[in-house]
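Read through the structure below, which is laid out as structure tokens, and then see the notes.
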Amino acid sequence: MSSKPSSSQPVVNRRTFLKGIGTSAVAVASVQVGAMAEEINKAAGPGPQGPGAVPITLSINGEKMNFQLEPRVTLLDALRNHAPLTGTKEVCDRATCGACSVLIDGKLTYSCMKLAIEAQGHEITTIEGLAKNGELSPVQQAFVECDALMCGFCTPGLVMAATSLLASNPKPTVADIKRGCSGNLCRCGTYPHVIKAVLKASGAAVPETSVMIQ
Amino acid sequence: MAGWPNPSTVLGKAATRVDGPAKVTGQAKYAYDVQPAGWLYGMILRSKWPAAKVTKIDLTKAQSMPGVKAAILAGGDQRTVRYYGQELAAVAATTKQQCLDAIRAIEVTAEPLPFVVKEDDAIKPDSPRVFDKTPNLSDPKLEENGKVDAAMAQAAAVCEAELRTQIQLHHPLETHGNTISVQGDHVTAWASTQGVFSVRDGLAGNLGVPQSNVQVICDYMGGGFGAKFGPGAHGGIAAQLSKAAGAPVKLMLNRLEQGLAVGNRPSSIQKLKFAADKDGKLLAADIENYGSPGVGGGGQTAGGGGGSNIAMPYIYGFPNSRTKQFGVALNTGAASAFRAPGHPPASFSTESMMDELAVKLGIDPVEFRLKNDGNEIRRREFQEGAKRFGWAEKYKKPGSSPGPIKTGVGCAGGGWGGGGGGTKAEVQINPDGTVEVRCGTQDLGTGSRTVVAIVAAEAFGLHPNDIKVKIGDTNLPPSGGSGGSSTTASISPAIWDTCQKALAALQQQTGVTDARGANWEGACRKLGINPLTANGEWQKGLSSSGAGGVNFAEVEVDTETGFVRLKKIVAVHDCGLIVNPLATTSQVNGGVVSGIGYALYEERVMDRQTGLLLNINFDSYKIPNIADMPDIEVVLIDLPERGVIGIGEPAVIPVAGAIANAVANAIGVRVHSLPITPAKVLAALGKVPNVSRV
Amino acid sequence: MNSFQYVTAHTLDEAASLLGKNGRYLAGGIDLLGEMKDYIVSPDVLVNVKEMSPQSEFKAIRLTNKDACLIGASVTVAEIAAHDDVKRVLPGLAEAAGEVGSPQIRNVASLAGNLLQHSRCWYYRQPDIACLKRGGSTCYAQEGENKYSALFSGCACISPVVSNLSVILAALGATVQLRRKGDLHELTIPELYQEAWRNPSAHHSLQPGDLVLHVTIPLKRTRSAYRQQSEKAEFDWAMVSCAAAGNVAAGKVTDVRIALGAIAPVPHMVEEAHHFLEGKPLNDATASQAADLLLKGAKPLAQNGYKVPLAHTLIRRTLLALNA
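Residue numbers (this note's numbering), protein chains in the order written: chain P, 227 to 440; chain B, 3 to 696; chain X, 206 to 529.
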């Protein structure tokens, strides 16, 4: 992460400082942690930050964005209300529903349970980052074609989940799809068509499960 | 039915949603997403007591906290609280964190009062009263046909049971809320709503401003299921905050609040006695129902009030019936309409009793229904469904499947209205051939935006993606709220009429005899500089009401763990002329998923001791997961001669009854209450030592 | 959440000193941030421990030359579930890890965080209820909605342990290495939860400032299995979970251990059941008797009695899985 000192910074960093004073002095040093943090902040790498707003840089969809945020601001909040990128949705705010799903270094993650400050130094991909040059990704295209969306509020999270699944498992079975999307809830009931969409995006045959008769 | 073209080019053909790309890219903006310049966060302080007399609410600390731009009372300084979550005060601040801090700085002084949150407790005469002057138990609403007792005495088979259903919470993914900007006596509101005009009406009244100064916009909304009509208490509060702060306020509820104060499906306690003759004809039904709509129920309503009415007796022909419908008040948030109000509990209990009778009489359950269902279309659906499901091969005597993992099958039916009317619309045809249709309706995820595009495209010989659709705005021609499964039947005729009028005007103005399809662009070019606009409205003859459907369910019950695994559901539905079979299939799938939750997982749990809600988020209020899905086969019966009818609600009705019957068929004993959890299955099988009745 | 300072620690000394009196370590954050959002806990500093050195301690899964598998505290549940060595030599652990939460949760949840996660009793988690565990005077579950409550407890709190990994690690005889006040400390899994058995305020036996380094799992029990039953198919807390580990040779089991989750504040184990099974074949009859021994003394409440037959089933199925 970002705590390694660059060559232009003084030699003293947190590690050498503590090593120098020795562990027996840690108790004494900890009383002065606030002052030490300031020293170290000036020297290299972040010491304790906050509780007020601090500068935070996030790499979102390949772009560096700068914020002034308190440590208690979640990545979800930073995305939606400060970037602002509202594609990622707030639905439960407690890691139970998946609507806030983003990729962090390619890993499917609930952004509501990630502090913005700890997402620094990682690659964040949101729903806005999937379509390239205005072209829907294969997963996005398949969702539209298979009608895997209704009100659409769960859709960004599910598209992220499906995208993540196919990245590590390009030919998933229906059981794989259910498992890969099991962290995402939908209230309108798009699940049967989501399964079809992921099959379609993976190039697999899509079973016909609906018929209209006169 | 005269009016709709046959054959058609796009009407009745599968079409992808015109707003699909916006939704899959995250570009679609919901009320939760809208961010007018200078917008503030709004949050509500809610009662922590289920019942209390509030004597003082002190806002002074909150008002002086960083970033706070307004702090108001919600209602007076003193009032009586009757449920956990009732609104007390609210703040608006620059950031979410500032709002949270300010809310927690509001000081409330209150005297807790006795309360009751359980139906069985509330019914007792010595229960604490929700409303001082009236008992919790209403007088019954009584309906009687024929001579029930005499018929019962003559019956060959009588089944008696007490069946219960739970409080179900809507829990749309987008919570309730609005972003509201009040500037003087002008109001703009971005609402998550099923009825933009209902919100306009409510806000104008709340603020005392002319309705013509209030614009409500709902371009996209994240689900409603019946609860999102009117601004709600939270909408009025957001408006007042905006007025006080002089800035737009976004006030969206959080997930906990969703479980407290914006509606629910009432619970039911149903004491039923059904009788039939030896040939399998139903003779009589004796029904005593208790519906619990929270503070919406009770003594001052004459049974069935506040949404407590369970639609009994349901769908089958009972020559003799007696129904006593009671309403029970609780110190919990009031009920609101939830997708087919009164019908899922009625279908569940009626269909459970039908299977009990069929078994007692030794008649095949599907045959038994065919003998007693007077609805010709639904009889066809039972037969069609049975055939595709493989009922004859799959149906076995209850509990007869060998081994600890038992399979079983069941079926159930439902019926609904779903007619429409009243919608007005406008269309603008531009000289470059582009088209914009405008209608103040809503798309809840039902696909109504695409319905508008399809109908217009059909009229003009174009493709739905060629039509620009503007909906969800009170500045557009009015349409009714999207409830009752009435939208498609309301908007389709209106759009058709509007576009027919526009087409006639275009042809008349340009001298082109048939401007449709390949001739379109050439004809439009002849318009010159100005676009052509036309208005139209709903016309008779293009829609009707009365839709229904049936479900067949196959389950596997692990009798050693109680776990119910759904294997297959066949859902057969009709809704007149099906405008878009792809979206209609999604509606049916969605209804099945909702019904699965009702049957197996969902239940709002209140704590008797504290009066508070216990399952406050989705880890404990359990809605179906993609992993819970069976194979779902959808059969749509297209009846174009009936015109357009809605399907949103019929789709959810027969699911739980079919599943409940499948479980009972599998294990040979019935679980009498929803949700059918593993704990209840084990208890029904006699495996839980300290539980006898389930 | 209330406000707090945030800092990343790179060494044990740093972590300890930065924690202060009212700090908390931040790993995956799923449990901690959730509690903070509901104001159940409000630390004034969060010390990020996902960047601790050496990585070979905190972030590695490796087989040591002492016939053990060492898994660092910061290793994610997803990494454990996917690891080839784990799947091969500790199959029950891979199964248990695969059942934790959802893909998103498994991607960030740490081994230590999973073990140390706080109660999921809905009274405890309700922001407006101060239950016994939260410092109030009443355990509301006793007379209330106790469908998910424990069948056994040594104190008035009947909130059961919900960590899937605790159950399998108990059966495997794992130990937890941690740093306490500058010294290395080791706890067995039962010791890790013992305090929760007897102290209603406790979720586990760790003291403030303790920092888990890694978990060491002996490989001596070559067979292991984990089974749970939830109300939904995925992403749902177990109503009951069961783990078993041992050796099977010539149709007989030796050195077997069985643990139950979600029925006690600790992974529930009964010596008598282990002794009974020693040297016997694992079949329906012996497994059933072992189950009876494990469930002896269970105190079902009004709503959780179903856990008894359910546990019985899971014990049988988990034990029989060792034969495979």
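C-beta: ideal position from N, C-alpha, C; glycine also.
Contact check, Val439 (chain B) vs Ile497 (chain B) under 8 Å by CB: the rounded distance?
-> 6 Å
What's the C-alpha gap between Gln346 (chain P) and Gly278 (chain P)?
-> 17 Å
Rounded to whole angstroms, what's the CA-CA distance from Gly542 (chain X) to Ala450 (chain X)? Just pull it up for me.
-> The requested residue 542 (chain X) does not occur in the structure, where chain X is confined to residues 206 to 529.
Taking Gly237 (chain B) and Val201 (chain B) to be in contact with their CB atoms under 8 Å, please state how far apart those CB atoms are, rounded to whole angstroms.
-> 6 Å
Using three-state DSSP, classify Ile531 (chain B) as helix, strand or coil.
-> coil
8 Å contact criterion, which Gly150 (chain B) and Asn322 (chain B) should meet: CB distance rounded = First, the amino acid is wrong: residue 150 (chain B) is Val here, not Gly. The pair is a contact, with the Cβ atoms about 5 Å apart (cut-off 8 Å).
Simplified DSSP assignment, three categories, for Asn528 (chain X) = coil
Can you find a heavy atom of the ligand NAD that lies under 6 Å from the Cβ of Asp289 (chain X)?
-> Of ligands this structure carries none, so the ligand NAD is not represented either.
Same chain only: Cβ atoms within 6 Å of Pro626 (chain B), ignoring 5 sequence neighbours per side = Val595, Ile598 and Gly599
For Ile247 (chain P), the three-state DSSP class (helix, strand or coil) | Residue placement at Ile247 (chain P) is flagged as unreliable, the pLDDT there being 36, under the threshold of 50; the coordinate-derived value follows with that caveat. In the structure shown, Ile247 (chain P) sits in a helix (DSSP, three-state: H, G or I).
C-beta atoms of Ala220 (chain X) and Val252 (chain X) nearer than 7 Å | yes
Whole-angstrom distance between Lys283 (chain B) and Lys398 (chain B), CA atom to CA atom | 22 Å
Count the C-beta pairs between the region 381 to 399 of chain P and the region 571 to 590 of chain B that are closer than 8 Å, then say yes if the count reaches three, no if not.
-> no
Would you mind listing the alpha helix (DSSP H) stretches within the region 97 to 137 of chain B that are 4+ residues and don't spill past its ends, in chain order?
-> 98 to 105 and 121 to 125
If contact means a Cβ-Cβ distance below 8 Å, which residues of the region 255 to 278 of chain B contact chain P?
-> Asn256 and Arg257
For Met254 (chain B), the residue or residues it bridges with in DSSP = B:Gly179
Over the uninterrupted alpha helix (DSSP H) stretch that includes Thr491 (chain X), give me the two end residues.
-> Asp489 to Leu500
Using DSSP with H/G/I as helix, E/B as strand and the rest coil, what is Asp475 (chain B)?
-> strand
Within the same chain, show all residues whose beta-carbon is closer than 7 Å to that of Gly463 (chain B), passing over the 5 residues directly before and after it, in chain order.
-> Thr11, Arg518, Gly519 and Trp522
Measure the alpha-carbon distance for Val251 (chain B) versus Ala263 (chain B) and round it to whole angstroms.
-> 20 Å
Starting from Lys283 (chain B), follow the beta strand (DSSP E) in both directions and report where the run begins and ends.
-> Here Lys283 (chain B) belongs to no beta strand (DSSP E), and DSSP marks it neither H nor E.
Which residues in the same chain as Ala314 (chain X) place their Cβ atom closer than 7 Å to its Cβ, once the five residues preceding and following it in sequence are excluded?
-> Gly233, Ile235, Thr281, Val282, Val305 and Gly306
Supposed close pair Ala92 (chain B), Met45 (chain B) - CB separation, criterion 8 Å | 7 Å
Would Lys437 (chain X) count as contacting chain B if we go by Cβ distances under 7 Å?
-> yes
Within its chain, find whatever has a CB closer than 6 Å to the CB of Gly298 (chain B); leave out the 5 residues flanking it on each side and keep chain order.
-> Gly308, Ala336 and Ala337
Which residues, in chain order, does the region 547 to 562 of chain B contribute to contact with chain X at a C-beta distance below 7 Å?
-> Glu562
Pick helix, strand or coil for His575 (chain B), following the three-state DSSP scheme.
-> strand
Using the C-alpha atoms, what's the distance from Met386 (chain P) back to Pro367 (chain B)?
-> 45 Å
Distance, Val636 (chain B) Cα to Gly417 (chain B) Cα = 17 Å
Return yes when the Cβ of His345 (chain B) is within less than 7 Å of the Cβ of Ile655 (chain B), no when it is not.
-> yes
Give me whichever residues DSSP pairs with Lys373 (chain B) in a beta bridge.
-> Note: Lys373 (chain B) sits in no beta bridge, so no partner.
Is it a yes or a no for the region 645 to 663 of chain B touching the region 349 to 356 of chain B, going by three-plus beta-carbon pairs under 8 Å?
-> yes
Chain P contact for Leu238 (chain X) (CB, 7 Å cutoff) = yes
Check the Cβ of Gln275 (chain P) against every Cβ in chain B and list those closer than 9 Å, keeping chain order.
-> Result: empty, since nearest Cβ-Cβ is about 15 Å, beyond 9 Å.
Near Glu262 (chain X), which residues of its chain fall below 7 Å by C-beta distance, leaving aside the five closest residues on each side in sequence?
-> Gly277, Leu418 and His419
Does DSSP put Leu295 (chain X) in a helix, in a strand, or in coil?
-> coil
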